[in-house]
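K.L.:
In UniProt numbering, the protein residues as written are 1 to 69.
The beta-carbon is built from N, C-alpha and C at its ideal position, and this holds for glycine as well.
Here the structure is a predicted model, which means the values were calculated and not measured.
Let me give you the structure first, and then I'll get to my questions.
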Amino acid sequence: WKKARGGQTKTWHQSMKSLTNGLSHVNRCRLPGWGPHDDRNKWLETLGDMAQNRLQWRRCIHYLSSSKF
Numbered sequence: 001w002k003k004a005r006g007g008q009t010k011t012w013h014q015s016m017k018s019l020t021n022g023l024s025h026v027n028r029c030r031l032p033g034w035g036p037h038d039d040r041n042k043w044l045e046t047l048g049d050m051a052q053n054r055l056q057w058r059r060c061i062h063y064l065s066s067s068k069f
């Protein structure tokens, strides 16, 4: 994992939290082919999707971070 400021290693949860923190303004972002989600459990489903398909998630993060809203 990446070293945080101060040289401490981030956990997977901390890394995901820091990656997704800037996406709070995106609202309803769905990747192509991913069906509708239950809004009450969206965060849990998203974490499950991320764990199952990390490459697609990384591409989504890269796209969102390089786009101008």
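For W57, does the count of other Cβ atoms within 10 angstroms reach 16, so buried, or fall short, so exposed?
P.N.:
buried
K.L.:
Could you tell me the boundaries of the alpha helix (DSSP H) in which S65 lies?
P.N.:
R54 to S66
K.L.:
Taking the alpha carbon of W12 as the reference point, which residue from S67, S66 and R54 has its own alpha carbon closest?
P.N.:
R54
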